[in-house]
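A short worksheet on the structure shown next.
Residue numbers (the numbering used here): 2 to 253.
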């Protein structure tokens, strides 16, 4: 039988247990959130601690790096913006390269527990200046961050401006998953999943599921939406065709 051999590369230390981890889009940095609140930025090559961000009072819950901005011909330079959600009911934005806080959106008293970025394709960008306009064309069509706190889903810009607050979910939101192509965000709660359009914020589809959903993920080709459930089971949807599949029998 095949046995994977793992070799220790480096180790980083936090002041409490790690509650979330996230690689930067270019793979050069690892953000690690301590349950106590602080967020450490490590260099992927050697584990050097580049910055320690104060994070959130009472605790940080989740991390999400801003994705690449894509044009029809290329990608703009890798952003260094990191979003975090915490027990203080806020979403904070950080320049991870400089180690500085840039903005805060206060969403209320509920813990912010899930974050998902949706990138933007920049239309009609000339090939010759794709890489020369990170502060121009990229700002005209910024990515959107979706943040879940309790039953509330909020859409935010990178400057912490709130652009939309969705109607409350029937139950507490338990998972978010952004479609890789950027067209929609899947939002799970006990009893189902809603697909929200990432541009005009209307509900595209809603799927019922009679149990708790703990995790959501899209396939890289944008075709399959898969949930890991409390039953325990795995449920699969092909939203464009309204097809559902179910796999169960896993040990609890």
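Glycine residues also receive a C-beta, built at the ideal position from the N, C-alpha and C atoms. All figures in this text were calculated on a predicted structure; none of them were measured in a lab.
- Contact between residue 215 and residue 231 holds, with the beta-carbon distance rounding to 6 angstroms and staying under 8 angstroms.
- Under the DSSP definition of a beta bridge, residue 207 partners with 195.
- When the Cα atoms are used, residue 29 and residue 10 turn out to be separated by approximately 14 angstroms.
- In the three-state reduction of the DSSP assignment, residue 242 falls in the helix class.
- Put simply, the backbone Cα of residue 177 is about 15 angstroms away from that of residue 166.
- Around the beta-carbon of residue 62, 16 or more other beta-carbon atoms lie within 10 Å, marking it buried.
- The continuous stretches of beta strand (DSSP E) do not include residue 8, and DSSP gives it neither H nor E.
- Residue 224: not part of any beta strand (DSSP E); DSSP gives it neither H nor E.
- Cβ neighbours of residue 93 within its own chain (closer than 6 angstroms, five residues either side excluded): 85, 105.
- Put simply, of 173, 149, 172, 170 the residue whose alpha carbon is nearest the alpha carbon of residue 163 is 149.
- Per the C-alpha coordinates, the member of 192, 172, 202, 217 positioned closest to residue 157 is 202.
- Residue 24 sits exposed, since fewer than 16 C-beta atoms from the chains shown fall within 10 Å of its C-beta.
- Boundaries of the beta strand (DSSP E) around residue 190: 185-190.
- The DSSP assignment places complete beta strand (DSSP E) segments of no fewer than 3 residues inside the segment 54-116 at 61-66, 82-87, 91-96, 101-107, in order along the chain.
- For the set 151, 117, 12, the Cα lying nearest the Cα of residue 46 is the one of 12.
- Using a 10 angstroms sphere on the CB of residue 8, the tally of other CB atoms stays under 16, which defines it as exposed.
- Around residue 100, the same chain offers 52 as residues with beta carbons nearer than 6 angstroms, after the five sequence neighbours per side are excluded.
- For residue 50, the pairing in a beta bridge is given by DSSP as 43.
- Distance from the CA of residue 188 to the CA of residue 117, rounded to the nearest whole angstrom, comes to 10 angstroms.
- Looking at 91, 43, 87, 115, the one whose alpha-carbon comes closest to that of residue 107 is 91.
- In terms of CA proximity to residue 109, 154 leads the group 98, 154, 145.
- The criterion of a C-beta distance shorter than 8 angstroms is not satisfied by residue 217 and residue 204.
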